[in-house]
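Engineer: Take a look at the following structure, please.
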Amino acid sequence: MDTKILVIGANGQLGSVLIPELRKKYGEANVIASDLQKPKQSTGLFEVIDATDQNKIDDVVKAHKVNQIYHLAAILSAKGEQNPLQTWDINMKTFFNVLEVSRLNNVQKVFYPSSIAVFGDRADLNCTTDEAYLNPATVYGISKAAGENWGQYYFLKYGLDVRSIRYPGVIGYQSLPGGGTTDYAVDIYHKAVNGEAFECFLKPDAALPMIFMEDAIRATIELMEAPKENITVRTSYNLAGASFAPQDMVEEIQKLYPKFEVSYAPDFRQHIAEKWPKKVDDSNARIDWGWKPKYDLKRITSVMVSELKKQYQ
Ligand code: AKB
Numbered sequence: 001m002d003t004k005i006l007v008i009g010a011n012g013q014l015g016s017v018l019i020p021e022l023r024k025k026y027g028e029a030n031v032i033a034s035d036l037q038k039p040k041q042s043t044g045l046f047e048v049i050d051a052t053d054q055n056k057i058d059d060v061v062k063a064h065k066v067n068q069i070y071h072l073a074a075i076l077s078a079k080g081e082q083n084p085l086q087t088w089d090i091n092m093k094t095f096f097n098v099l100e101v102s103r104l105n106n107v108q109k110v111f112y113p114s115s116i117a118v119f120g121d122r123a124d125l126n127c128t129t130d131e132a133y134l135n136p137a138t139v140y141g142i143s144k145a146a147g148e149n150w151g152q153y154y155f156l157k158y159g160l161d162v163r164s165i166r167y168p169g170v171i172g173y174q175s176l177p178g179g180g181t182t183d184y185a186v187d188i189y190h191k192a193v194n195g196e197a198f199e200c201f202l203k204p205d206a207a208l209p210m211i212f213m214e215d216a217i218r219a220t221i222e223l224m225e226a227p228k229e230n231i232t233v234r235t236s237y238n239l240a241g242a243s244f245a246p247q248d249m250v251e252e253i254q255k256l257y258p259k260f261e262v263s264y265a266p267d268f269r270q271h272i273a274e275k276w277p278k279k280v281d282d283s284n285a286r287i288d289w290g291w292k293p294k295y296d297l298k299r300i301t302s303v304m305v306s307e308l309k310k311q312y313q
């Protein structure tokens, strides 16, 4: 049977890069992008889906004989704090809809993105393991921790093959993040390349786990392609790329732009960052499906700068 993939939340930071990769791998006709609106430059199959509408997801899954769903739609950590109850409703409702439609239509695999936001100050934040205690401090983190457990529940109760990664902050030149605590790590490169000063909303030493987009996309596809019997973690896998603080990025960028000016004005996002891991232990991902990152801060900086220079020329 052909793989038929539906990506929900395809216009977001991750989705817009994942879609072309999936199409390269599985064929243009086998990957359906969906989101609240069709993007202007959209090519390939696209369906307008509001993921709070279970019937709409169900119609699309039936019409295209979808057998894999990547559910990327969510309100992120910083934006989520502006309206906690709405964030909970949207993040949970959309995932329940995906789980139910998948169960009722015998969808084979579901991908659910979780986050380092599931952790809190009761975990060892210096090197956080998969099994560390979860006491998230944001509504986004609470919804992701609940979602991980619901994914595991559907696996245990109905045999639905739900797979999940706890993403660190994702850094890429192709798309912009929206509403996260780690967003500064993309914005900083845009400012540097444009010759603008940068004001950072975290403290200079606020170290967080980060990952380069290429690594994040490769990890996602590798996890989804791993043999089912290798998947021992049915909540969510920690995934490490590189860990660093704003001051480390600034140092690296200033090697290329010595005049790059940075000031610090920590806001509520600093409080969120303080309760997140500085570094995660991703041993299970390495053992179970062979995960290994390729990009450290130096390499991320070099690719970000050279790609953004082309964009801004
Ligand atoms: C955020 O900052 O909210 C996200 C995340 C780490 O899940 N990038």
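Each residue of the sequence shown is one higher than the one before, counting from 1 in the UniProt record's numbering. Note that CB positions come from ideal geometry on N, CA and C, so glycine has one too.
(1) Output the boundary residues of the alpha helix (DSSP H) element that contains I32.
(2) Tell me which residue opens and which closes the alpha helix (DSSP H) that S77 is part of.
(3) Which runs of the beta strand (DSSP E) spanning at least 3 residues fall entirely within the region 31-115, listed in chain order?
(4) If we require 4 or more residues per run, which alpha helix (DSSP H) segments fall completely within the region 249-289?
(5) Under a three-way DSSP split, which group does I231 fall into?
(6) With a cut-off of 8 Å on the beta carbons, I'd call F201 and Y189 a contact; round off their distance for me.
(7) Does the beta-carbon distance from V170 to F212 come in below 9 Å?
(8) Do A242 and D296 count as a contact pair if the criterion is CB distance below 9 Å?
(9) Helix, strand or coil: how does DSSP classify P246 here?
(10) If F244 sits next to I253, beta carbons under 8 Å apart, how far is it from one beta carbon to the other, in whole angstroms?
(11) Three-state secondary structure (DSSP) at F198?
(12) Can you tell me whether M213 is helix, strand or coil according to DSSP?
(13) What is the residue span of the alpha helix (DSSP H) that residue 328 lies within?
(14) Quick one: using the 10 Å Cβ neighbour count with 16 as the cut-off for buried, is V48 buried or exposed?
(15) What residue range is occupied by the uninterrupted alpha helix (DSSP H) comprising G15?
(16) Given the structure, does V280 come close to ligand 1, in the sense that its CB is under 8 Å from one of the ligand's heavy atoms?
(17) In chain order, what are the residue ranges of uninterrupted beta strand (DSSP E) at least 3 long that sit wholly in the region 144-190?
(18) Please work out which residues of its chain come closer than 8 Å, Cβ to Cβ, to residue 324, disregarding the five sequence neighbours upstream and downstream, and give them in chain order.
(19) How would you label Y167, buried or exposed, when you count the other beta carbons within 10 angstroms and need 16 or more for buried?
(20) Can you tell me whether DSSP reads L125 as helix, strand or coil?
(21) How is Y133 classed by DSSP in three states: helix, strand or coil?
(22) Pick out whichever of W150, F46, K157 and G12 has its Cα sitting closest to the Cα of N93.
(23) Can you tell me whether L223 is helix, strand or coil according to DSSP?
(24) In terms of alpha-carbon separation, which member of K294, E229 and S283 lies closest to R218?
(25) Does the count of Cβ pairs from the region 96-111 and the region 70-81 closer than 8 Å reach three?
(26) Rounded to whole angstroms, what's the CA-CA distance from N11 to I75? Just pull it up for me.
Structural biologist: Answer, in terms of the structure:
(1) No alpha helix (DSSP H) holds I32; the beta strand (DSSP E) holding it covers V31 to D35.
(2) S77 to G80
(3) 31-35, 46-48, 68-71 and 109-115
(4) 268-274 and 283-289
(5) coil
(6) Contact doesn't hold; Cβ gap of about 15 Å is too wide.
(7) yes
(8) yes
(9) helix
(10) At roughly 12 Å, the Cβ-Cβ gap does not stay under 8 Å, so F244 and I253 are not in contact.
(11) strand
(12) helix
(13) For the chain, the structure presents residues 1 to 313; residue 328 sits outside this window and is missing.
(14) exposed
(15) G15 to Y26
(16) no
(17) 161-167 and 169-171
(18) Absent from the model: residue 324. The displayed extent of the chain is 1 to 313, so no value can be given.
(19) buried
(20) coil
(21) coil
(22) Correcting the residue type first, residue 93 is Lys in the shown sequence and not Asn. Minimum Cα distance to K93 is reached at W150.
(23) helix
(24) K294
(25) yes
(26) 13 Å
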